[in-house]
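Accompanying notes for the structure given below.
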Amino acid sequence: MIDPHCMIEGCANQGYAPAGTGTVCKDHFTDFVKWRRKKGGKNMFRQYSGMTMPERDSIVEAWYKTLALPH
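Here our numbering runs 414 ahead of the position in the sequence shown, where the first position is 1.
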């Protein structure tokens, strides 16, 4: 089930899609997809689609580290 809130710190938008075992809003999901496309192209999409949700957390964590978050 999708969490009703985005997992990104400081984001108050409604949850839109799963990102590993978490949930991101539509804006962050779009950024995540763009990052995956830049990072590995179609191969990244194939690899990601074959992973379980907990396995995807490492990919989500790598993307999360690229975000400019307020501290």
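Glycine included, C-beta positions come from ideal geometry on N, C-alpha and C.
If you're wondering where the values come from, they're calculated on a predicted model, not measured in any experiment.
State buried or exposed for residue i, treating a residue as buried only when at least 16 other CB atoms are found within 10 Å of its CB.
i, result
"phenylalanine 459", "exposed"
"arginine 451", "exposed"
"glycine 434", "buried"
Under 7 Å Cβ to Cβ from residue i, same chain only, skipping five residues before and after it: list those, please.
i, result
"arginine 426", "Reading off the sequence shown, one finds alanine at residue 426, where the question assumed arginine. Contacts found: none."
"histidine 442", "Cys420, Ile422, Cys425"
In its own chain, which residues sit with a C-beta less than 6 Å from the C-beta of residue i, not counting the 5 before and 5 after it?
i, result
"proline 418", "Gly429"
"tryptophan 477", "Phe446, Trp449"
May I ask which residues mark the beginning and end of the alpha helix (DSSP H) holding residue i?
i, result
"glycine 454", "440-463"
"proline 468", "467-478"
Ends of the beta strand (DSSP E) at residue i?
i, result
"proline 432", "431-433"
Given residue i, which residues of its chain have a CB within under 8 Å of its CB, disregarding the five upstream and five downstream residues?
i, result
"alanine 431", "Ile416, Thr437, Val438, Lys440, Phe443"
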